[in-house]
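Step one of this worksheet: look at the structure below.
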Amino acid sequence: MQIYLPIAEISLDAFLLLGLGGLIGFLSGLFGVGGGFLMTPALIFIGVPPPVAVGTEANQIVASSVSGVLAHWQRGNVDFKMGSVLLIGGLLGSTFGVWLFAVLRSVGQIDLVISLSYVTFLGIIGSLMFVESLRAMRRRRTAGTSRAKLHKHTWVHGLPFKMRFRRSKLYISALLPLGVGFLVGILAAIMGVGGGFIMVPAMIYLLGMPTSVVVGTSLFQIIFVTANVTFLQAYANQTVDVVLALLLLAGAVIGAQLGAKASVLLRGEQLRILLAIMVLAVCAKLGYDLTITPVDIYSLGLNE
Amino acid sequence: MRRDGRHGRFAATGICGLAALLALGLAIAGPLRAAPLVADLSKHLVAITTGFAGTDVLLFGAIDEPGDVVVIVWGPPQEVVMHRKSNIAGIWVNTAAMTFDRVPSFYSVASSRTLDEVASDVVLSRLEIGVERLNLPLPPAKASPNIARNWRDALIRNKQRLGHYGKEVGQVIFLGESLFRTLVEFPANVPTGTYQIEVYLLRDGRVVSAQTTPLIVGKIGVEAEVFDFAHNYSALYGLIAILVALVAGWLAHVAFRRH
Chain C
1 MQIYLPIAEI SLDAFLLLGL GGLIGFLSGL FGVGGGFLMT PALIFIGVPP
51 PVAVGTEANQ IVASSVSGVL AHWQRGNVDF KMGSVLLIGG LLGSTFGVWL
101 FAVLRSVGQI DLVISLSYVT FLGIIGSLMF VESLRAMRRR RTAGTSRAKL
151 HKHTWVHGLP FKMRFRRSKL YISALLPLGV GFLVGILAAI MGVGGGFIMV
201 PAMIYLLGMP TSVVVGTSLF QIIFVTANVT FLQAYANQTV DVVLALLLLA
251 GAVIGAQLGA KASVLLRGEQ LRILLAIMVL AVCAKLGYDL TITPVDIYSL
301 GLNE
Chain E
305 MRRDGRHGRF AATGICGLAA LLALGLAIAG PLRAAPLVAD LSKHLVAITT
355 GFAGTDVLLF GAIDEPGDVV VIVWGPPQEV VMHRKSNIAG IWVNTAAMTF
405 DRVPSFYSVA SSRTLDEVAS DVVLSRLEIG VERLNLPLPP AKASPNIARN
455 WRDALIRNKQ RLGHYGKEVG QVIFLGESLF RTLVEFPANV PTGTYQIEVY
505 LLRDGRVVSA QTTPLIVGKI GVEAEVFDFA HNYSALYGLI AILVALVAGW
555 LAHVAFRRH
């Protein structure tokens with residue numbers, strides 16, 4: 001059933017969009033990531049103009065994150081204090097990111113920057129996560145009951161403005177989550193993602209948060225960062241297609257619920273290795289696309 | 305110049321349509337032949353609604369004596385920026401850009417015979433019949449003729465890939481000697497705006513008569529309202545988009561908690 005999307009200005013099959021939303025929603029619920037890093041490239045692939053894909057995806061992530069965070073909240077898996085500090089950085093970062101997006105778009109380099117950002121960040125995060133979770137799985141198999149240290153003491157713990165985060169059992173500098181939030185905020189705006197795939201590993205490895213609260217807290221701050229991106233993209237660029245977002249989120253909210261339930265069935269390191277493989281696959285595909293000779297070295301720009 | 309400032313004509317199309325039908329009837333009926341060329345469209349508005357997946361518009365008409373009919377569909381002109389990629393350290397990067405000031409957003413041609421049979425290249429070029437004869441000037445300071453040609457060809461190639469420029473010349477079909485028709489095809493991604501459809505009657509390679517008919521391609525109903533709202537009240541639109549997402553997420557959560 002073809003449906004005309006008023007902002008994207010193209011017709012697409014409604015069931016294709018519902019299915020895409022459902023599939024990626026499931027993965028987002030399972031791994032606690034927004035799913036944007038899969039959805040945005042998928043939308044561009046089926047013909048949605050890249051700026052509309054980025055703006056609309058931010059809107060859709062708001063919905064799937066709300067439904068995800070409520071499920072985690074009920075189980076007490078959200079650190080609101082940590083989430084708020086991350087959020088302040090995120091709002092600043094995403095506002096800067098939307099501005100940067102407009103500048104890059106006007107000089108015709110936005111597509112390249114989007115692709116390079118994906119390849120770089122997915123590559124780094126994917127590799128780190130893959131190696132770490134592989135190690136964790138091996139440790140579990142060989143060491144049996146012996147437990148790893150809760151956290152190591154590094155230079156990170158010497159930073160000023162220390163804050164206590166009770167739910168996360170942490171006493172660290174506020175600058176750390178603020179910086180992480182800012183960086184992820186920029187990426188959220190430019191790449192059309194919630195930033196969970198960077199936020200989740202950063203929370204585990206950089207901040208040292210317990211895995212149980214990571215997903216809920218990440219979703220909590222993603223709601224506000226993507227809401228900020230939605231508003232700014234709609235206001236400055238008119239690139240948010242509500243009809244497209246509604247179709248995607250109809251599938252995605254249902255998928256996310258199922259995903260959140262399924263996540264209980266898997267162990268932390270199993271989830272992480274699956275996510276790592278998926279991240280690396282998307283990275284490889286986008287990296288490959290950058291190097292193959294284009295069909296036509298000339299291309300139409302955006303007619304603004 | 306030919307394509308400009310004809311919006312006023314739209315008001316008169318109702319009468320035109322009537323006249324065309326009348327003329328058609330007369331052409332069939334007999335000897336009274338007032339105009340050498342009469343043509344009209346099956347509809348003057350292509351409405352883009354929820355289920356829109358492209359459409360065909362029938363152009364029909366009559367001529368007084370045997371000749372060739374050529375139909376050109378012009379989309380509203382627009383400014384187009386083009387990019388050229390180069391391979392830098394293994395990856396393809398946009399390294400050059402060129403702006404065309406005035407490019408038809410849509411263009412297609414239909415003819416009763418192949419174009420070279422209809423008229424000489426001089427005549428075809430003057431009327432811009434056929435994509436290769438489109439007049440797409442670039443600022444001379446920016447591009448030498450050779451390079452300008454590359455950009456021009458690339459523009460046409462890209463527009464054809466998008467489906468906005470016809471790859472082949474369509475068929476104008478004659479029913480007998482005087483009645484003709486052709487189908488004008490619009491893809492799902494058709495640009496919106498006021499189109500001009502030019503119909504030429506040629507005899508012995510010369511233009512005997514010409515007629516221009518406007519056609520509006522526009523969003524209608526909910527689609528138009530959403531689009532207008534997003535552009536006119538963009539801040540409010542952004543807030544509503546967020547609100548809708550929040551409610552949808554909450555609804556999904558409530559629905560699933562029950563089970």
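Sequence lines, in order, name chains C and E.
In terms of my numbering, the first sequence opens at residue 1 and continues consecutively.
In terms of my numbering, the second sequence opens at residue 305 and continues consecutively.
Ideal Cβ placement from N, Cα and C applies to all residues, glycine included.
Fair warning: this is a prediction, and the values are worked out from it, not measured in the lab.
In the three-state reduction of the DSSP assignment, residue 415 (chain E) falls in the strand class, which pools E and B.
Across the structure, residue 527 (chain E) and residue 351 (chain E) are spaced so that their CA atoms are roughly 10 Å apart. About 7 Å separates the CB atoms of residue 184 (chain C) and residue 93 (chain C); that is less than 8 Å, so the two are in contact. Note on geometry: alpha-carbon atoms of residue 342 (chain E) and residue 49 (chain C) lie some 41 Å from one another. When DSSP reads this structure, residue 502 (chain E) sits in a beta bridge with E:376 and E:516.
Residue 173 (chain C): member of the beta strand (DSSP E) spanning 170-173, first to last residue.
Look at the beta carbons and you see the stretch 60-72 of chain C not touching the stretch 198-210 of chain C: under three pairs across the two are nearer than 8 Å. Among the CB atoms of chain C, none fall inside 8 Å of the CB of residue 349 (chain E). Per the Cβ contact rule, the stretch 240-255 of chain C is in contact with the stretch 17-28 of chain C (3 or more Cβ pairs under 8 Å).
Contact annotation: the stretch 366-376 of chain E touches the stretch 464-483 of chain E, with at least three C-beta pairs closer than 8 Å.
With a beta-carbon spacing of about 12 Å, residue 118 (chain C) and residue 39 (chain C) fall beyond the 8 Å limit used to define contacts. Residue-level contact by beta carbon fails for residue 448 (chain E) and chain C, as no gap is shorter than 8 Å. Among the CB atoms of chain C, one or more fall inside 8 Å of the CB of residue 542 (chain E). Between the beta-carbon of residue 504 (chain E) and that of residue 377 (chain E) there is about 13 Å, and that puts the pair past the 8 Å contact cut. Residues of the stretch 379-407 of chain E that bring their beta carbon within less than 7 Å of a beta carbon in chain C comprise 382, 383, 384, 385, 386, 387, 388, 389, 394, 395, 396, 397, 398 and 401, in sequence order. Contact check for residue 524 (chain E) against residue 353 (chain E) passes: the beta carbons are separated by less than 8 Å. From the listed residues E:466, E:437 and E:467, the smallest Cα separation to residue 453 (chain E) is found for E:437.
Rounded to the nearest whole angstrom, the CA to CA distance from residue 222 (chain C) to residue 87 (chain C) is 8 Å.
Taking a contact to require three or more Cβ pairs closer than 8 Å, the stretch 68-88 of chain C and the stretch 132-141 of chain C do not qualify as touching.
Annotated three-state conformation of residue 553 (chain E) is helix, per DSSP. Out of C:293, C:256, C:30 and C:123, the CA that lies nearest to the CA of residue 280 (chain C) is found in C:123. Under the Cβ distance rule, residue 527 (chain E) counts among the residues neighbouring chain C, one pair being separated by less than 8 Å. Scanning chain C for C-beta atoms nearer than 7 Å to the C-beta of residue 531 (chain E) yields 6 and 7, reported in chain order.
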